[in-house]
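**Q**
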Amino acid sequence: MSASLIIARHAVQETLRRRVFVVVLVLTLLFLGLFTVAAAKAFAAQGTFQFGNNGPVGPDGIASLTTVTLLGLGVFGSLFLATVLGVFLTLGAVSGDAERGLLQPLVVRPLGRRQLLVGRFVAAAGVCTAYVTLLYAAVLVIVHQAGGQWPHQIIGPGAALIGAVTILVAMSLLGSVFLSTMANGITMFMLYGAGLVSGLLASIGAALNAHTVQTISHDIAIALPFEGLYEAAVHAFASNAAGLARIAVNLGPFGAAQAGSTVFYLWAAVYFGLAAVIAAVGFERRDL
Amino acid sequence: MSEQLTTQTGSEREIDDAAIPGPALVAEGLEKRYGSVVALAGVDVAVAPGELVGLVGANGAGKSTLMKIACGLVRPTAGSVAVFGAPAGSLEARRSLGYLAELFRFPGWCTASEVLALHQQLAGSAGGRAEREELLELVGLSDAADRRVEGMSKGMQQRLGIAQALIGDPKLLLLDEPTSALDPGGRRDVRRLLLGLRDRGIAVLLNSHLLGELERVCDRVVILAAGRILTAGRPDELTQTGGVEIQTGDGVRRFPNAARKDIPALVAELVAAGVDVYEVSVIRSTLEDVYLHALEDE
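Spelled out as structure tokens, the structure:
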């Protein structure tokens, strides 16, 4: 077994032994329970929903609006929970473990520091990918059970969601090379918050047709591609909606005005690669 | 703690000289600065296979930094360290050494056996369960193999740290304060262990504030202050005679300028004078005296 896999297995064992999964499972079930109730209530109430005096959006449009909004909410919750999990698994991976004296006995072993970093990444990204995939699938099933509709696209948004979580894990690991545990945690959640604000700005900019606001939002999405990937996932849910329903979805609190593009996905991959290289070089040069 | 490593005498050492290329550790012109703080200011140290060298110095003298550079945790500002000819920090160098950090911790959720198993895998040791059991017995933790680290005392964790450092049969052992958390019995056990390792041809660089320990076990002692070597040598070279003390029927008589060679004449003189002589001892300065004296001179 390679050194990276040994480290990855050790890290996964830690999450199991420390009952991280038990806590995550309980909170996740709580989230899914609330989401199930919310979905059932939303579809039950849509018959009374008036949109434009029954004019521009018919019953199908309202059902589509409800479905996509719930999916957006579900994906938002999934990303948030996976982010919390991913950040807490990695925020002290280098600086924190070095401060506590956990890292030194491992680093002096005949494995490269890069391998150690890769091992920690594989463990955290693997756990978070599995988690967000299961959560995403649960959200889809719950919405389908409540409203009888599947989103137009399933694989693409799921892949974008996994990409967003993977980038967040890479960013947290990168931060752990240069920042203390507390500073890294604060930084990660502030960046996550900045991403959310960026998404809201995009919606506001699109609603008001304010190009400057849209440009700012676009630039933030470039700087924080996890947000762009999240928006791409949510935007894809409404790709088959038409007319006012689609506009309403895109402008809603759990909609997204920005679609993904090949160039953006490539940039996200490059961004991930840059984070990995900077983390590896920073760790190689760091005194422990 | 088992004494199985202490049974060999020096004459029974089986060191395959051909298999050990040159000195275990060579540091040349080693410098390390942390910003404006100078941790090491040009240190030259060598440790031969089967040699036990002690590092002495006040806090901040550079002892731990020297060890960290030797095992690749810290990069030197200038100079170099080679471990069996390989640059410190290289994979080849790390394959040859075992290290116990001054401030270390193992994951609290792991058992002692799991800690050793992890390090076996990372070190590429094929020793398996037999090696783990042997090492745990060696450090007196046979009964704690399945105990979680978080349930161990500091002394037990330090013993586990020593066992961890010995995984894979390293040719060079770097021990930074290995007895700081141990009780007197534990320190005696570590002394025996170190002597046994030396007899097996393992080079040991030992950092400790316990000068009495170093004086008892080390072949050579290096005294560091402010990142420089103040003095170095065999303990018996560094410690000097401070006269002769003779217990007589009239009380203790001291001869501060006398040396060992003067004892027969002194005793003969006293006996001829009708004085009863009960005990004769040569007064030697301790390593602590030497160390404090060296610091005062500095």
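If you read the protein sequences in the order shown, they are chains A and B.
The first sequence: position 264 = 264 (my numbering), numbered continuously.
The second sequence: position 127 = 127 (my numbering), numbered continuously.
We put the CB at the ideal spot given by N, CA and C, even for glycine.
None of the values given here were measured: they were computed from a predicted structure.
1. For ALA203 (chain B), go through chain A and note every residue whose CB falls closer than 7 Å to its CB, in chain order.
2. Report back the beta-carbon spacing between ALA165 (chain B) and VAL47 (chain B) to the nearest angstrom; my notes put them in contact at under 8 Å.
3. In this structure, does DSSP put LYS32 (chain B) in helix, strand or coil?
4. State yes or no: is the beta carbon of ARG17 (chain A) nearer than 8 Å to at least one beta carbon in chain B?
5. Name the DSSP beta bridge partners of VAL26 (chain B), please?
6. Taking only beta-carbon atoms, is VAL12 (chain A) less than 8 Å away from chain B?
7. Is it right to say GLU3 (chain B) is buried, meaning 16 or more other beta carbons lie within 10 angstroms of its own, or is it exposed?
8. Go ahead and pull the three-state DSSP assignment for ALA269 (chain B).
9. So is LEU134 (chain A) buried or exposed if we call it buried at 16+ other beta carbons inside 10 Å?
10. If you measure between the beta carbons of LEU100 (chain B) and ILE162 (chain B), is that distance less than 8 Å?
11. Drop a sphere of 10 angstroms on the beta-carbon of ASP236 (chain B), count the other beta-carbons inside from all chains shown, and report buried for 16 or more, exposed for fewer.
12. For the beta strand (DSSP E) containing THR241 (chain B), list its first residue and its last residue.
13. Which chain A residues are close to TYR99 (chain B), counting only those with a beta carbon under 7 Å from its beta carbon?
14. For ASN28 (chain A), does the count of other Cβ atoms within 10 angstroms reach 16, so buried, or fall short, so exposed?
15. My output table needs one value for ASN184 (chain A): the three-state DSSP class, helix, strand or coil.
16. Helix, strand or coil for THR65 (chain B)? Go by DSSP, reduced to three states.
17. Taking Cβ positions only, does GLN158 (chain B) come closer than 8 Å to chain A?
18. Would you say VAL222 (chain B) and LEU55 (chain B) are within 8 Å of each other, going by their C-beta atoms?
19. Nearest to LEU71 (chain A) by CA position, among A:SER239, A:ASP287, A:ARG19 and A:TRP267, is which residue?
20. Per DSSP, what kind of secondary structure is GLU279 (chain B) in: helix, strand or coil?
21. At the level of alpha carbons, what is the spacing between GLU102 (chain B) and ALA181 (chain B)?
22. Taking its Cβ as the centre, do 16 or more other Cβ atoms sit within 10 Å of LYS261 (chain B), making it buried, or is it exposed?
23. How would you write the range of the beta strand (DSSP E) that THR231 (chain B) sits in, first residue to last?
24. Run the CB neighbour count on GLY148 (chain A), radius 10 Å, all protein chains shown included, and call it buried at 16 or more, exposed below.
25. DSSP puts GLY98 (chain B) in a beta bridge; with which residues?
26. I want to see whether chain A comes within less than 8 Å of LEU116 (chain B), judged by CB atoms only; does it?
27. Could you give the residue range of the alpha helix (DSSP H) that holds ALA44 (chain A)?
28. Three-state secondary structure (DSSP) at VAL263 (chain A)?
29. Spatial neighbours of PRO212 (chain B) within its chain, please: CB distance less than 8 Å, with the 5 preceding and 5 following residues excluded, ordered by chain position.
30. State yes or no: is the beta carbon of PHE104 (chain B) nearer than 8 Å to at least one beta carbon in chain A?
31. Does the count of Cβ pairs from the stretch 139-157 of chain A and the stretch 60-80 of chain A closer than 8 Å reach three?
32. Can you tell me whether PHE106 (chain B) is helix, strand or coil according to DSSP?
33. What residues in its chain sit with their C-beta under 6 Å from that of ALA259 (chain B), if we drop five residues either side in the sequence?
34. Any heavy atom of the ligand HEM inside 7 Å of the beta-carbon of ILE263 (chain B)?
35. Just by C-beta distance, which residues in the stretch 114-147 of chain B are closer than 7 Å to chain A?
36. Which of the three DSSP states is assigned to VAL139 (chain B) in this structure?
**A** So, from the data block:
1. Listed along chain A is no residue with a C-beta nearer than 7 Å to that of ALA203 (chain B); the closest approach is about 16 Å.
2. Not really, about 15 Å apart at Cβ, beyond 8 Å.
3. Looking at LYS32 (chain B) - three-state DSSP - the assignment turns out to be strand.
4. So yes, ARG17 (chain A) belongs to the interface.
5. DSSP output for VAL26 (chain B) lists B:ALA46 and B:ALA82 as bridge partner(s).
6. False, the Cβ-Cβ gap to chain B never drops below 8 Å.
7. Residue confidence for GLU3 (chain B) is low, a pLDDT of 39 falling below 50, so the modelled location carries little weight and cannot support an answer.
8. With the sequence shown as reference, residue 269 (chain B) is identified as Glu, and Ala is not the correct amino acid for it. Here GLU269 (chain B) sits in helix by DSSP.
9. Exposed, since its Cβ has fewer than 16 Cβ neighbours within 10 Å.
10. Closer than 8 Å, so yes.
11. With fewer than 16 neighbouring CB atoms inside 10 Å of its own CB, ASP236 (chain B) falls in the exposed class.
12. For THR241 (chain B), the uninterrupted beta strand (DSSP E) segment begins and ends at 241-248.
13. In chain order: VAL108.
14. A quick correction: the sequence has Thr, not Asn, at residue 28 (chain A). Classification of THR28 (chain A): buried, given that the 10 Å Cβ count is 16 or more.
15. In the three-state reduction of the DSSP assignment, ASN184 (chain A) falls in the helix class, which pools H, G and I.
16. DSSP places THR65 (chain B) within a helical segment (H, G or I) once states are collapsed to three.
17. Not one chain A Cβ lies under 8 Å of GLN158 (chain B).
18. In this structure, LEU55 (chain B) lies closer than 8 Å to VAL222 (chain B) by Cβ.
19. Here the closest residue by C-alpha is A:SER239.
20. Strand, per DSSP.
21. When the Cα atoms are used, GLU102 (chain B) and ALA181 (chain B) turn out to be separated by approximately 10 Å.
22. Residue environment: LYS261 (chain B) is assigned as exposed (fewer than 16 neighbouring CB atoms within 10 Å of its CB, all protein chains considered).
23. For THR231 (chain B), the enclosing beta strand (DSSP E) stretches over residues 228-233.
24. Of the other Cβ atoms in all chains shown, fewer than 16 fall within 10 Å of the Cβ of GLY148 (chain A); this residue is therefore exposed.
25. When DSSP reads this structure, GLY98 (chain B) sits in a beta bridge with B:LEU173.
26. It does not: the Cβ of LEU116 (chain B) has no partner Cβ on chain A nearer than 8 Å.
27. 20-45 is the extent of the alpha helix (DSSP H) around ALA44 (chain A).
28. DSSP places VAL263 (chain A) in the helix class (H, G or I) of the three-state scheme.
29. Sequence inspection shows Gly at residue 212 (chain B); the Pro mentioned does not correspond to that position. The beta carbon of GLY212 (chain B) sits closer than 8 Å to the beta carbons of THR286, LEU287 and GLU288 from its chain, once the five residues preceding and following it are set aside; these are given in chain order.
30. Chain A contact via Cβ: present.
31. Yes: the two stretches touch, three or more of their Cβ pairs being nearer than 8 Å.
32. The three-state reading of DSSP puts PHE106 (chain B) in coil, since its state is none of H, G, I, E or B.
33. THR241.
34. By its list of ligands, the structure shown contains no ligand whatsoever, and the ligand HEM lies outside what it can speak to.
35. Going along the stretch 114-147 of chain B in chain order, one finds LEU118, HIS119, GLN121, LEU122, ALA123 and GLY124 with a Cβ nearer than 7 Å to chain A.
36. If DSSP states are grouped into helix, strand and coil, VAL139 (chain B) belongs with coil.
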